[in-house]
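For the sequence shown, my numbering assigns the number 1090 to the initial residue and increments by one for each residue that follows. To start, the structure under review is shown below, and the notes come after it.
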Amino acid sequence: MPYEAIRVDIDAATRVATVTLNRPDKLNSFTRAMHHELSAALDEVETAGARALVLTGAGRGFCAGQDLADLDFTPGAMTDLGDLIDKHFNPLIRRLQALPLPVIAAVNGTAAGAGANLALACDLVLAARSASFIQAFVKIGLVPDSGGTWFLPQRIGMARALGLAITGDKLSAEKAESWGLIWQVVDDADLQSTAARLATQLAQQPTRAIAAIKQAMRASATQTLDQQLDLERDMQRELGASHDYEEGVRAFIEKRAPRFEGR
C-alpha cells in the first residue's frame, strides 16, 4: 500500500526490512494515521517473510512521541488519552515485542516520550552518539506510557527509572549505553550501516530460536525460577525437533557455516 508517514524497504536478498518513520518536519511524532500505516507496514514485513527488521526515523529525530496537534483540546471534548493508548500505542508495543523476528531500533536523534519507549520496545537499540532519550511525559502532567514504566525499572533499576521519569531530563546515548538501557552507541555517520549489518547478520540466524529467546527472556520478569526452568525445558523440546537445530548440529559436525531457515 502507499504510505505517507512512513517508508518501507524490504531487501529480497538479505530479507531485512527497514521501516522509517517519515514525518521529519514533526520529528516523526505520531498521528493516528501514522499508527494505521505502521500497523500495515508490520503486516507487510511479516507477509513478505522478512527475517529481521530495522526501525528508524527520517531527518534529525527518531520520534518525538505523540503529535499534540493530532489531539482535540476543546473543553468538554478533549481526546481521551486512555482510549488513544488502548487503540494505538499499546497494540504497537505488544506487537513489536511479539514479532517472530529480531527488531533493531536505530535511534538517529531525539527519542522523546512514547518515541523513547517505542525504541525500548525493540529487541536491540543502536543509537547515534548525538541521540538522546527523554521521558518527557511529566513536563505536560502525564505518566510514561508505551511501556516506559516497565522497560525503565527492568533495565536500569528503580532509582534511575524514577529519576528520568520524575525530572523528564534528557539522557544522552552514551549514558544510556553505560546504564544498560540500550545495546550500543555508534558514531552518527555509522548508525544506518551498523544497523543494516547487524540486521543482515541476525537474518541469517535461526530466527525461530531468536523468537523463543525473546519470549523466554521477557517471561522471566514475572515468573519464578521453577516456572522459568519448565519454560526452558518446553522450548528446548520444541526447538530440538526443528530444522534449524538439525542443520546447526550437522553444520557443526561438518565444520561448515549453517544455513538456517527459521523452521
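All C-beta atoms in this analysis are idealised placements derived from N, C-alpha and C, irrespective of residue type, glycine included.
Next on the checklist: Looking only at its chain, what residues have a beta carbon closer than 8 Å to the beta carbon of Ala1262, apart from the 5 residues adjacent to it on each side?
Outcome noted: For the purposes of this step, residue 1262 is identified with residue 173 of the sequence shown, where counting begins at 1. If we look at Ala1262 and ignore the five residues flanking it on each side, its Cβ neighbours are Val1196, Ala1216, Ala1217, Arg1218, Ser1219, Ala1220, Ser1221, Phe1222, Ile1271 and Val1274.
Checklist entry - What number of angstroms, rounded off, separates the C-alpha of Phe1151 from the C-alpha of Ala1200? => result Indexing the sequence shown from 1 puts residue 1151 at position 62. Indexing the sequence shown from 1 puts residue 1200 at position 111. C-alpha separation (whole angstroms): 5 Å.
Checklist entry - Which class does Arg1348 belong to by DSSP, given the choice of helix, strand or coil? => result On the sequence shown, position 259 is the one that residue 1348 refers to. Residue state, collapsed to three classes: coil.
Next on the checklist: Using only the alpha-carbon positions, how far apart do Gly1204 and Arg1249 sit?
Outcome noted: Taking the sequence shown and counting its residues from 1, the one referred to as residue 1204 is at position 115. Taking the sequence shown and counting its residues from 1, the one referred to as residue 1249 is at position 160. Distance from the CA of Gly1204 to the CA of Arg1249, rounded to the nearest whole angstrom, comes to 19 Å.
Checklist entry - Going by DSSP, what residues sit across from Ile1193 in a beta bridge? => result The residue given as residue 1193 occupies position 104 in the sequence shown. Ile1193 has Val1143 and Leu1213 as its beta-bridge partners, per DSSP.
Item to check | Presumed contact (8 Å Cβ cut-off) between Ala1305 and Leu1320, rounded CB distance | outcome: For the purposes of this step, residue 1305 is taken as the residue at position 216 of the sequence shown. For the purposes of this step, residue 1320 is taken as the residue at position 231 of the sequence shown. Yes, they are in contact, since the Cβ atoms of Ala1305 and Leu1320 sit about 6 Å apart, within 8 Å.
Checklist entry - Hey, Gly1202 and Gly1154 are a contact pair by Cβ (cut 8 Å); roughly how many whole angstroms apart? => result The residue labelled residue 1202 in the question sits at position 113 within the sequence shown. The residue labelled residue 1154 in the question sits at position 65 within the sequence shown. Confirmed, about 3 Å.
Checklist entry - Under the three-state reduction of DSSP, which class applies to Asp1258: helix, strand or coil? => result As a working mapping, residue 1258 is identified with position 169 in the sequence shown. Assigned with DSSP and collapsed to three states, Asp1258 falls in coil, not helix or strand.
Checklist entry - Since Glu1353 and His1332 are thought to touch, with beta carbons under 8 Å apart, how far apart are those beta carbons, to the nearest angstrom? => result The shown model of the chain, from 1090 to 1352, leaves out residue 1353, and the question about it has no answer.
Checklist entry - Counting Cβ pairs, one atom from each stretch, are 3 or more of them under 8 Å apart for the segment 1296-1304 and the segment 1112-1125? => result Taking a cut-off of 8 Å for Cβ pairs, the segment 1296-1304 and the segment 1112-1125 do not touch, as fewer than three such pairs fall below it.
Checklist entry - Does DSSP classify Arg1096 as helix, strand or coil? => result Taking the first residue of the sequence shown as 1, we reach residue 1096 at position 7. Annotated three-state conformation of Arg1096 is strand, per DSSP.
Item to check | Short Cβ contact (8 Å threshold) for Ala1285 with Val1143 | outcome: The residue you call residue 1285 lines up with position 196 of the sequence shown. The residue you call residue 1143 lines up with position 54 of the sequence shown. Going by C-beta atoms, Ala1285 is nearer than 8 Å to Val1143.
Next on the checklist: Using only the alpha-carbon positions, how far apart do Phe1240 and Ala1194 sit?
Outcome noted: Here residue 1240 refers to the residue found at position 151 of the sequence shown. Here residue 1194 refers to the residue found at position 105 of the sequence shown. Rounded to whole angstroms, the separation of the alpha carbons of Ala1194 and Phe1240 is 15 Å.
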